[in-house]
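In our numbering, the protein residues as written are 4 to 213.
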């Protein structure tokens, strides 16, 4: 084989005829070129998946001042009770296990016939050395939608088992869950807790004077 033949580009193969007379065009493709294309696509997929995984925690700066904590000038006993009052006055249901320092308020909204949004605000409070207290709060939002779930029924004799469809039913399934980052949301909560704490502190001072 001469140099000119080796350097020539790949040519399309002549058409062939099938048994019914239909002419089918055939094309030749270079196997190394196909493998090279697949390798490039595979490498690109790995790079993209790696970037997507890193984006989740790339913005975690761990700053000392965030919307997830607030200092209030009152003893922890008053502040913790004020947190509970804030929940109860806004229609939140309380969730707290025995001997747990964490108090969670839960509130549910139905935005439409098939969507339910659940708001959870987890809180705890700690007393500081200067007599003030710090409230820690983290809110999350769950979005659940009504989805059709297929039902199946299995039956058989001995080793033979047959699974057949048995209808379907609507179930509420969580489709999204996220931590609320909105600073204004937390500011409104802290403002209500602070107002209750200041009110209780004044009452306590008045009782002590009497």
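We put the beta carbon where it would ideally sit given N, CA and C, even for glycine.
When DSSP states are grouped into helix, strand and coil, residue 92 belongs to the helix group. Taking all protein chains shown into account, residue 197 has 16 or more neighbouring C-beta atoms within 10 Å of its C-beta and is therefore buried.
In this structure, residue 140 keeps its C-beta atom at 8 Å or more from the C-beta atom of residue 65. In the three-state reduction of the DSSP assignment, residue 69 falls in the coil class.
With a cut-off of 8 Å on Cβ pairs, the segment 131-140 is not in contact with the segment 176-185, counting fewer than three such pairs. Counting along the chain, the unbroken beta strand (DSSP E) around residue 129 starts and ends at 118-130. The shortest CA-to-CA distance from residue 176 to any of 117, 204, 101 is the one to 117. As computed with DSSP, residue 139 is found in a beta bridge with 72, 127. DSSP lists 144 as the beta-bridge partner residues of residue 181. Only buried fits residue 86, as 16 or more other CB atoms lie within 10 angstroms of its CB. Assigned with DSSP and collapsed to three states, residue 63 falls in coil, not helix or strand. By the neighbour-count criterion, in which a residue is buried when 16 or more other Cβ atoms sit within 10 angstroms of its Cβ, residue 129 is exposed. By the neighbour-count criterion, in which a residue is buried when 16 or more other Cβ atoms sit within 10 angstroms of its Cβ, residue 200 is buried. In this structure residue 173 is in contact with residue 151, their Cβ atoms being roughly 6 Å apart against a cut-off of 8 Å. In summary, residue 106 is buried, with 16 or more beta-carbon neighbours lying within 10 Å of its beta-carbon over all protein chains present. The Cβ atoms of residue 147 and residue 123 do not sit closer than 8 Å to each other. Cβ-Cβ distances below 6 Å link residue 104 to 127 in the same chain, with the five nearest sequence neighbours on each side left out; the list follows chain order.
Around the Cβ of residue 89, a 10 Å sphere holds 16 or more other Cβ atoms; the residue is buried. In the structure shown, residue 77 falls within a coil segment according to DSSP collapsed to helix, strand and coil.
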